[in-house]
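As structure tokens, the structure follows; a few thoughts come after it.
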Amino acid sequence: MSFCPLVVATNFKNVAEVGATFTTGKGYVTGGTLGLSFGPKIGNGDRVSDLGGPFKSAGGSFKPLPFPTLSADYSQGHNAQGRLIRVLSFATGVGQDITFPLPVEAHIQDTDTGYLSIDPLAVIRWISGNASATGASVRDSPK
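Numbering of the sequence shown is given in the numbering used here, commencing with residue 5 and proceeding in unit increments.
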């Protein structure tokens, strides 16, 4: 399970969104970790909503004592328009391995992501009377 409180998405042309995501998953895990980490997610999606829905994910984490936990994940799935979205993420943070005797964790899982996003430029256009939509979108929490 992961919660990302700040997601910024853009295609560097005409789309810029900010939002948040909440992801749950089911699959195979070698042990488990409990922690808090920060890092970039790099992908080919243009919008926060491109991250919503079911994805396939694989990754792992490593905690070389006494250093912070290091992790990496790769995910892919299709957005609402059927476009294949790929996301690579890296993170570092604090964490504790809670079930496995080695300081590593690996996983392969099916994930489901809910999101909340706002297009600030669409909101500005709406406030100024140049558009009828607010530019906000929501996908319910994962099932």
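Where is the CB? At the ideal position from N, CA and C, for every residue including glycine.
Just so we're clear, the structure is a prediction, and the values are computed from it rather than from any experiment.
**Asked** Just curious, the beta strand (DSSP E) that Ala126 is in, first and last residue?
**Response** Per DSSP, Ala126 belongs to no beta strand (DSSP E); it is in the alpha helix (DSSP H), 124-131.
**Item:** Beta-carbon proximity list for Gly97, same chain, < 7 Å, skipping 5 on both sides
**Value:** Taken in chain order, the residues that qualify are Gly39, Leu40, Ser41, Phe42, Pro72, Thr73.
**Message:** Let me make sure I understand the geometry here. Which of Gly35, Phe26, Ser61 has the alpha-carbon closest to that of Leu10?
**Reply:** It is Phe26 whose Cα lies nearest to the Cα of Leu10.
**Prompt:** Exposed or buried, Asp114, counting other C-beta atoms within 10 Å across all chains shown (16 or more means buried)?
**Reply:** Burial call: exposed.
**Request:** Please classify Leu55: does DSSP put it in a helix, a strand, or coil?
**Result:** Three-state result, Leu55: helix.
**Message:** Assuming contact is defined by CB atoms lying nearer than 8 Å, are His82 and Gly31 in contact in what I supplied?
**Reply:** No, the Cβ-Cβ distance between His82 and Gly31 is not below 8 Å.
**Message:** Comparing C-alpha positions only, which one of Ser6, Thr34, Lys67 sits nearest to Lys45?
**Reply:** The option with the nearest alpha carbon to Lys45 is Ser6.
**Prompt:** Going by alpha carbons, who is nearest to Phe16 out of Asn48, Arg129, Val33?
**Reply:** Asn48
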